[in-house]
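What follows is a short report on a single structure.
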Amino acid sequence: MDTTRSQELFDRARELIPGGVNSPARSWTSVGGTPLFFNRAEGSRVWDEDGNELIDYVCSWGPMILGHAHPAVLKAVQSAAINGTSFGAPTAAEVRMAELVVSAVPSIEMVRFVSSGTEATMSALRLARAYTGRNKIIKLIGGYHGHDDALLVSAGSAAAGHGIADSAGVHPDYARDTLVAPYNDLATVEKLFADNPGQIAGLIVEPIAGNMGVVRPVEGFLEGLRSTTEKDGALLLFDEVISGFRVALGGAQSILGVTPDITCLGKIVGGGLPVGAYGASTEIMNTVAPLGPMYQAGTLSGNPVAMAAGITMLEELAKPGVYEELDRKGAALAKGLSEAFAEAEVPAVVNRVGSLLTVFFTGDPVTDMDSASATDRDRFAKFFHAILEEGVYPPPSQFEAWFVSMAHTDQDIADTIAAAKRALARI
Ligand SMILES: *Cc1c(COP(=O)(O)O)cnc(C)c1O
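Mapping the sequence shown onto my numbering, position 375 (from 1) lands on 1429, and the numbers just tick up by one.
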């Protein structure tokens, strides 16, 4: 595979942009090598600067659930852009978009649009604090909620207790009020509430974890979070930036039967343009300015081009059969990959929910960050490079989800499984 042009661009990029990238997940630091520079995408395919064509399972880290350059989304973007790309005034598109989100997501009666998932979670936490008048929050280890100061905490190997920031530059006071517990560990969450009664504003969780690789909530876990937060008067926040519109139109909350107080959205909701959102009951959202005392704003929030993309995306996803087809494709890929690993006698676990999946190089179940970290990451890196040579682009990290889109054909999936077999034979 010729990567001369990507190499040249990366060398230049590194002189101009930290690490050559505008988001660290793109830098391939966990698998090594030179990240490919893409210049075109269509359907299930991406093309890099050297003209290599790849079957893409990153899909912009989730948003491209309909596939790249979807004709209806492109048309909506073009029609909106011709009328002007930003007004800084309300538009009909925002009303339509809000109607779509409110009707799809069970917990949302009122919604505010922002420009990224990070802005959504950051604002949602502020809302939880403003509404409850409390300061502490709980997040779960291995849960990623964007790069807000208070959320860049996982406490690493410390099983539970007061947070220590993962990033330099986070004010220790922010991190101190972030308490952490392992994912799927209700007992530790209950202990945190018992130790901090009436002080916790909210608990934020990915209802289906997607940032330690895909990890399902064990039975009773989300129900337990719901009753524990409620008993204490704290809010339950679902970060559905990945799972929203991915596992179902109404997000994980619509299929798992647990309704949070506040929901955060991102990724798919913008149809490939920068959009995030947070929403809740009207009573909670009445706290947000200009109705209430919690300030939150954005020059480009509800941007008309981004709203046009989001509206079309949600309308396409509402068509009958979409989630059944995504699930069928995800299942076929997971089954084929599991069989390929078994044939090659490589211990591997495939965690899957619908069109989200992660291949973990381990023989043991992966249920939290500890078990995800105990997998063979060197082997993952070797597999990544080997399957890339075979024309398949999986996420360049063990701790990310593969995203299957509507544009992945049965042939793409069969080709991917065959590529995995050839890759495994070489490593
Ligand atoms: C990607 C992600 C975010 C952050 O969204 P950005 O748009 O990258 O700021 C937050 N939460 C979850 C669960 C995510 O996967």
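Ideal Cβ positions, reconstructed from N, Cα and C, are used throughout, including at glycine.
Just so you know, these numbers come straight off a predicted model, no measurement behind them.
Using a threshold of 8 Å, state whether the C-beta atoms of residue i and residue j are closer than that.
{"i": "Ser1297", "j": "Gly1264", "result": "yes"}
{"i": "Ser1392", "j": "Phe1457", "result": "no"}
{"i": "Leu1240", "j": "Gly1197", "result": "no"}
{"i": "Val1301", "j": "Leu1194", "result": "no"}
{"i": "Ala1331", "j": "Phe1438", "result": "no"}
{"i": "Val1446", "j": "Ile1109", "result": "yes"}
{"i": "Met1460", "j": "Gly1326", "result": "no"}
{"i": "Thr1175", "j": "Asp1293", "result": "yes"}
{"i": "Val1404", "j": "Val1413", "result": "yes"}
{"i": "Gly1274", "j": "Val1329", "result": "no"}
{"i": "Trp1115", "j": "Pro1450", "result": "no"}
{"i": "Ala1486", "j": "Leu1289", "result": "The structure shown does not extend to residue 1486, since the chain is modelled only from 1055 through 1481, so no value can be given for it."}
{"i": "Tyr1185", "j": "Ile1338", "result": "yes"}
{"i": "Met1533", "j": "Gly1333", "result": "The requested residue 1533 is not part of the displayed model; the chain covers only 1055 to 1481."}
{"i": "Phe1453", "j": "Ala1426", "result": "yes"}
{"i": "Leu1411", "j": "Ala1455", "result": "yes"}
{"i": "Ala1005", "j": "Ala1398", "result": "As displayed, the chain neither begins before 1055 nor continues past 1481, which places residue 1005 out of reach and without an answer."}
{"i": "Ala1235", "j": "Val1224", "result": "no"}
{"i": "Gly1171", "j": "Gly1138", "result": "no"}
For residue i, name the three-state secondary structure that DSSP assigns.
{"i": "Glu1163", "result": "coil"}
{"i": "Val1323", "result": "helix"}
{"i": "Lys1190", "result": "strand"}
{"i": "Ile1441", "result": "helix"}
{"i": "Ala1212", "result": "Note that Ala1212 scores a pLDDT of 36, beneath 50, so its modelled location is shaky and nothing firm can be said."}
{"i": "Val1458", "result": "coil"}
{"i": "Val1420", "result": "coil"}
{"i": "Met1348", "result": "strand"}
{"i": "Asp1249", "result": "helix"}
{"i": "Trp1082", "result": "coil"}
{"i": "Thr1232", "result": "strand"}
{"i": "Tyr1447", "result": "strand"}
{"i": "Val1400", "result": "coil"}
{"i": "Ile1467", "result": "helix"}
{"i": "Gly1333", "result": "strand"}
{"i": "Asp1484", "result": "Limits of the chain in this structure are 1055 at one end and 1481 at the other, which puts residue 1484 out of reach."}
{"i": "Ile1109", "result": "strand"}
{"i": "Ile1481", "result": "coil"}
{"i": "Leu1354", "result": "coil"}
{"i": "Glu1294", "result": "coil"}
{"i": "Thr1488", "result": "Limits of the chain in this structure are 1055 at one end and 1481 at the other, which puts residue 1488 out of reach."}
{"i": "Val1312", "result": "coil"}
Using alpha carbons as the reference points, say which of the options lies closest to residue i.
{"i": "Asp1056", "options": "Glu1103, Arg1099 and Ser1081", "result": "Glu1103"}
{"i": "Thr1463", "options": "Val1156, Thr1242, Arg1433 and Tyr1111", "result": "Tyr1111"}
{"i": "Ile1481", "options": "Ser1459, Phe1434 and Glu1062", "result": "Phe1434"}
{"i": "Lys1475", "options": "Ile1441, Ser1077, Asn1357 and Pro1374", "result": "Ile1441"}
{"i": "Ala1079", "options": "Glu1397, Met1266 and Lys1436", "result": "Met1266"}
{"i": "Val1359", "options": "Leu1246, Ser1081 and Gln1132", "result": "Gln1132"}
{"i": "Gly1287", "options": "Phe1395, Ile1191 and Pro1419", "result": "Ile1191"}
{"i": "Ser1308", "options": "Leu1276, Leu1233, Ala1134 and Ile1338", "result": "Leu1276"}
{"i": "Phe1092", "options": "Lys1383, Ile1136, Trp1101 and Val1400", "result": "Trp1101"}
{"i": "Ala1130", "options": "Ala1372, Pro1448 and Thr1366", "result": "Thr1366"}
{"i": "Thr1341", "options": "Pro1374, Ala1178, Thr1429 and Leu1371", "result": "Ala1178"}
{"i": "Asn1357", "options": "Asp1220, Asp1418, Ala1479 and Gly1142", "result": "Gly1142"}
{"i": "Asp1469", "options": "Pro1419, Glu1370, Asp1424 and Ala1394", "result": "Ala1394"}
{"i": "Thr1283", "options": "Phe1247, Pro1271 and Val1127", "result": "Phe1247"}
{"i": "Leu1291", "options": "Glu1399, Cys1318 and Leu1090", "result": "Cys1318"}
{"i": "His1122", "options": "Ser1098, Ser1140 and Thr1145", "result": "Ser1098"}
{"i": "Arg1059", "options": "Leu1345, Pro1089, Asp1249 and Gly1073", "result": "Pro1089"}
{"i": "Asp1220", "options": "Ala1146, Leu1206 and Thr1232", "result": "Leu1206"}
Can you say whether residue i is buried or exposed, counting buried as having 16 or more other CB atoms within 10 angstroms of its CB?
{"i": "Gln1465", "result": "exposed"}
{"i": "Pro1314", "result": "buried"}
{"i": "Lys1285", "result": "exposed"}
{"i": "Ile1124", "result": "First, the amino acid is wrong: residue 1124 is His here, not Ile. His1124 is buried by the Cβ-count criterion."}
{"i": "Arg1094", "result": "exposed"}
{"i": "Lys1321", "result": "buried"}
{"i": "Ser1211", "result": "Any answer about Ser1211 is weak, because its pLDDT of 35 lies below 50 and its placement is not dependable; what the coordinates show is given next. Burial call: exposed."}
{"i": "Val1149", "result": "exposed"}
{"i": "Thr1353", "result": "exposed"}
{"i": "Ile1467", "result": "buried"}
{"i": "Ser1169", "result": "buried"}
{"i": "Ala1209", "result": "Residue confidence for Ala1209 is low, a pLDDT of 35 falling below 50, so the modelled location carries little weight; the figure read from the coordinates is stated next. With 16 or more other Cβ atoms within 10 Å, it is buried."}
{"i": "Phe1299", "result": "buried"}
{"i": "Pro1374", "result": "exposed"}
{"i": "Thr1421", "result": "buried"}
{"i": "Ile1262", "result": "buried"}
{"i": "Asn1106", "result": "buried"}
{"i": "Ile1254", "result": "buried"}
{"i": "Gly1215", "result": "In this predicted model, Gly1215 has a pLDDT of only 46, less than 50, meaning its place in the structure is not dependable; the value taken from the coordinates is given anyway. It is exposed - the Cβ of Gly1215 has fewer than 16 other Cβ atoms within 10 Å."}
{"i": "Ala1213", "result": "With a pLDDT of only 37 at Ala1213, under the threshold of 50, the placement of this residue in the model should not be trusted, and no figure is reported."}
{"i": "Glu1173", "result": "buried"}
{"i": "Ile1136", "result": "exposed"}
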